[in-house]
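Right, one structure below, let's go through it.
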Amino acid sequence: MRFLILYLIYKKPVLGIFSMPVGIVIIAYASVFPREVTPLIPALQTYWLHIHVITTAIGQGILGVGFIAGLIYLIRVVDQSKRSKQTFWLEAVIYSVTCAVAIAITVGVFSLINYSVTFNWINEWEVEAQLEYELPAIVGPYEGELITADQNRFGPLFETPGWMNGVESPRKFNTFLWSILSGSILYLLLRFILRRRIAAAIQPILKNVSPQLFDEVSYRSIIIGFPVFTLGGLIFAMIWAQIAWTRFWGWDPKEVWALITFLFYAAYLHLRLSRGWHGEKSAWLLVIGFGIIMFNLLFINLVIAGLHSYA
Numbered sequence: 000m001r002f003l004i005l006y007l008i009y010k011k012p013v014l015g016i017f018s019m020p021v022g023i024v025i026i027a028y029a030s031v032f033p034r035e036v037t038p039l040i041p042a043l044q045t046y047w048l049h050i051h052v053i054t055t056a057i058g059q060g061i062l063g064v065g066f067i068a069g070l071i072y073l074i075r076v077v078d079q080s081k082r083s084k085q086t087f088w089l090e091a092v093i094y095s096v097t098c099a100v101a102i103a104i105t106v107g108v109f110s111l112i113n114y115s116v117t118f119n120w121i122n123e124w125e126v127e128a129q130l131e132y133e134l135p136a137i138v139g140p141y142e143g144e145l146i147t148a149d150q151n152r153f154g155p156l157f158e159t160p161g162w163m164n165g166v167e168s169p170r171k172f173n174t175f176l177w178s179i180l181s182g183s184i185l186y187l188l189l190r191f192i193l194r195r196r197i198a199a200a201i202q203p204i205l206k207n208v209s210p211q212l213f214d215e216v217s218y219r220s221i222i223i224g225f226p227v228f229t230l231g232g233l234i235f236a237m238i239w240a241q242i243a244w245t246r247f248w249g250w251d252p253k254e255v256w257a258l259i260t261f262l263f264y265a266a267y268l269h270l271r272l273s274r275g276w277h278g279e280k281s282a283w284l285l286v287i288g289f290g291i292i293m294f295n296l297l298f299i300n301l302v303i304a305g306l307h308s309y310a
């Protein structure tokens, strides 16, 4: 939806082409979570939950469009004729997107064959439970026991570290390792076929793209997305927290990283408007900002069990 609005304004289909991998990132992220629908505790069942989640998701989506426009800008302007810090980090970003695409494909393949293995383990709440994997187990639960009838199934090769206390963190960590493995294979295959850096191969396709236009698109995306995210991720979240837990703020890890995200994009706008950080500097900031968003979505849920661990 955000892309369609921007397409109506700028008429640039290349923005949609680059939006697809980011959509796949979200699909890959969703695949980490269980498909079963479980009811929330009564204290959390309020319409402010829907307002908070929907507004935050819309805000993050618009900020994601800013990241896409910034990435297009960088691929277009970074000099690919020689190795540099810019080419290294740009290729690292493309590698990350490749990992997301690869894990989405991998999850889809194993879903088609209905693959699953089940472990007994002590979960994050110190309760004995069963944990089902839908990918082969590279890593198993800490002190877990494989109970799947087919003992010839692959793995696990080692156990999840005991300090990973997020909800169902062993399964999420296993998915993360699969994303690295499958993404590395896909990335190396593309490098072998293209015989050069992926960014260098894409750059000629963007030769008719105006860098100034995509710099403007990225800036306008943040101008729109920043207040929407602030409403959903902070203001509406605090109202919901007051209703659910009788306090507006509690320094829960997800709350802290929502605040860090807010402060980062506030700093971006300050640097752009007051210090003249346009063009390449601005684009790199948007790449970092989207990295912060994904860190909050993925790593915090993986490592830490907090008040947002049901999500």
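Counting with numbering that gives the first Met the number 0, you get residues 0 to 310 for the letters of the sequence shown. All residues carry an ideal CB built from backbone N, CA and C; glycine is no exception. All values reported here derive from a predicted model rather than from experimental measurement.
Find out if the Cβ-Cβ distance for the pair residue i, residue j is shorter than 7 Å.
i	j	result
Tyr218	Thr97	no
Ile291	Leu205	no
Gly288	Phe263	yes
Trp239	Leu48	yes
Ala128	Asn173	no
Glu90	Ala198	yes
Gly63	Leu285	no
Ile121	Ile223	no
Phe118	Pro140	yes
Gly58	Val227	yes
Gln202	Gln85	no
For a test of your reading of the model: does the CB of residue i fall under 6 Å from any non-hydrogen atom of the ligand FMN? Yes or no.
i	result
Phe261	The ligand FMN is absent from the structure shown, which contains no ligands of any kind.
List the whole-angstrom C-beta distance separating residue i from residue j, where the pair is believed to meet the contact cut-off of C-beta under 8 Å.
i	j	result
Ser313	Ile102	Since the first and last residues shown for the chain are 0 and 310, residue 313 lies out of range.
Pro210	Tyr72	5 Å
Leu156	Val116	Contact doesn't hold; Cβ gap of about 13 Å is too wide.
Ile221	Leu268	7 Å
Pro252	Ile299	5 Å
Ala99	Ser183	About 13 Å; that fails the 8 Å criterion.
Considering Cα atoms alone, identify which of the options is closest to residue i.
i	options	result
Leu233	Ser209, Glu144, Phe261	Phe261
Ser281	Glu144, Met293, Phe294, Ala266	Ala266
Gly161	Phe153, Gly143, Pro155	Gly143
Glu131	Leu297, Thr54, Thr147	Thr147
Glu254	Phe109, Leu296, Ile223, Glu279	Leu296
Leu176	Leu272, Val92, Gly58, Glu158	Glu158
His277	Glu125, Ala56, Val76	Val76
Leu230	Asp78, Ala257, Phe118, Lys84	Ala257
Thr45	Trp124, Gly275, Gln241	Gln241
Phe114	Leu134, Arg195, Val100	The sequence given here has Tyr at residue 114, not Phe. The candidate whose alpha carbon is nearest that of Tyr114 is Leu134.
Leu212	Gly154, Gly249, Ala56, Gly65	Gly65
Thr55	Gly249, Ile259, Phe225, Ser273	Phe225
Tell me the DSSP secondary structure of residue i in three-state form.
i	result
Tyr267	helix
Glu144	strand
Thr159	coil
Val255	helix
Gln85	helix
Val77	coil
Ala310	Note that Ala310 scores a pLDDT of 46, beneath 50, so its modelled location is shaky and nothing firm can be said.
Thr55	helix
Ile104	helix
Leu134	coil
Phe118	strand
Glu279	helix
Glu215	helix
Leu296	helix
Glu125	coil
Does any residue of chain D bring its CB to less than 7 Å from the CB of residue i?
i	result
Val286	This model lacks chain D altogether, as it is built from one protein chain only.
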